[in-house]
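No gaps in the numbering here: position 62 of the sequence shown is 62 in full-length UniProt numbering, and each next residue is one more. In this text, a Cβ means the ideal position worked out from N, Cα and C, and glycines have one as well.
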Amino acid sequence: MSDIDSDKWLEAMKSEMNSMCSNQVWTLVDPPKGARPVGCKWLYKRKLGANGEVTAFKARLVAKGYTLNDPGSTLRKPICQ
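Structure representation (structure tokens):
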């Protein structure tokens with residue numbers, strides 16, 4: 001990472017990973033034979049104060065669900081009716 005604030009982004013990423021681990025977001029398992037795990041990517045956001053100054057660096061790890069061949073077959077979205 002070559003941003004001048006890279007140390008702050010790395011700290012935000014560590015915080016997100018610690019939060020996911022403490023909240024038991026996932027369980028590591030061996031994938032079934034022939035299965036391809038869903039990838040993930042990081043999203044970054046600078047939180048700004050009232051005067052436009054940076055107050056926090058936020059990092060979020062998200063799944064790349066758009067890479068699934070048939071998204072409806074294994075994952076279900078909640079639908080409000």
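Check                                                                                                                : Outcome
Buried/exposed call for A56, threshold 16 Cβ in 10 Å                                                                 : exposed
Short Cβ contact (7 Å threshold) for L43 with V62                                                                    : yes
Paired residues, beta bridge with K41 - DSSP                                                                         : V62
Exposure label - A12; buried when at least 16 CB within 10 Å                                                         : buried
Residues of its chain near K41, where Cβ-Cβ distance is below 8 Å and the 5 sequence neighbours each way are ignored : L61, V62, K64
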